[in-house]
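Just so you know, we're using the working numbering here: the sequence shown kicks off at 448 and counts up by one. Ideal Cβ placement from N, Cα and C applies to all residues, glycine included.
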Amino acid sequence: MQAMGGREAWDRTRHIGWCFFGSRHLLWDKYTGRVRIEHHKWNMLFLINVNDTTGRVFEGNQEITEPDTLKKLVDIGRQIWVNDSYWLVMPFKLLDPGVNLKYVGKDTTQDGKMTDVLELTFGNSVGYTPENKYRVYVDPETHLVSRWDYFANASMTEPSISDLWSGYKNYDGVLLSGGRGGRSLEDIVVFRELPDRVYEDTASVQGIVYPDKIMP
448 MQAMGGREAW DRTRHIGWCF FGSRHLLWDK YTGRVRIEHH KWNMLFLINV NDTTGRVFEG
508 NQEITEPDTL KKLVDIGRQI WVNDSYWLVM PFKLLDPGVN LKYVGKDTTQ DGKMTDVLEL
568 TFGNSVGYTP ENKYRVYVDP ETHLVSRWDY FANASMTEPS ISDLWSGYKN YDGVLLSGGR
628 GGRSLEDIVV FRELPDRVYE DTASVQGIVY PDKIMP
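Shown next as structure tokens:
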């Protein structure tokens, strides 16, 4: 965490926005748990709070109001946020409660760099998929994550996904990486302040969050 800006900079970072592999844009208020998800492939908008699992969901211009359906969709939105945010900010979550962290030795990445390898497993009450396992490859010179391996089940010996981490940039004192092998987390932005309406209104927030970008 220190190499990516440190605890103070991470705690100061409030609003984070990004696009998950072209399929959806997310905006996350770390302080309150408010999340906006514009899911382009589903033509859906989620305005939810991931801390208390409440919120509103829209399909096209139609708000979903049936209680059971809404509850399921809000939880789906929360699952999306859990997954997509982990892809972006995993290095800041290595010491989260319930994470079992173990040093397993040295290994090379796909580009031939020697790294220190950490293995992550999880307690049974952690997240939606505690059966997952990760191996995280840390560059001994920069102390930044340079690769990760994802195992759908901790018993697996070969990873389901293995991606290099690249394209680190400084966002208001915090280093974030968008490159994931042949894919990218795009449109990464960080704000200290944003108006409440970006988490409450169905109207486009492009002019506030991405004023120079044409959105899908």
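Sixteen is the threshold: since fewer than 16 other Cβ atoms of the shown chains lie within 10 Å of the Cβ of residue 478, the residue is exposed. In the displayed model, residue 557 falls within coil according to three-state DSSP, outside both helix and strand. Sorting 615, 617, 594 and 616 by C-alpha distance to the C-alpha of residue 608 places 594 at the top. The beta carbons of residue 560 and residue 531 sit no closer together than 8 Å.
Excluding the 5 residues flanking it on each side, residue 619 has same chain C-beta neighbours closer than 6 Å at 637, in chain order.
Counted as a single uninterrupted DSSP element, the beta strand (DSSP E) harbouring residue 634 occupies residues 630-638. Sorting 604, 523 and 589 by C-alpha distance to the C-alpha of residue 566 places 604 at the top.
No Cβ-Cβ contact shorter than 8 Å links residue 539 with residue 612. Beta-bridge pairing by DSSP links residue 575 to no other residue. For residue 471, the uninterrupted beta strand (DSSP E) run begins and ends at 471-476, by DSSP. Excluding residues up to 5 positions away in sequence, 448, 548, 565, 567 and 583 lie with their Cβ nearer than 8 Å to the Cβ of residue 541 in the same chain. If you draw a straight line from the Cα of residue 505 to the Cα of residue 489, it is about 10 Å long. Between the alpha carbons of residue 591 and residue 622 lies a gap of roughly 9 Å. Residue pairing by DSSP places residue 509 opposite 506 in a beta bridge. Two segments are said to touch when three or more pairs of C-beta atoms, one from each, lie closer than 8 Å; by this definition the region 548-558 does not touch the region 514-525. Contact annotation: residue 657 and residue 643 have beta-carbon atoms that are not nearer than 8 Å.
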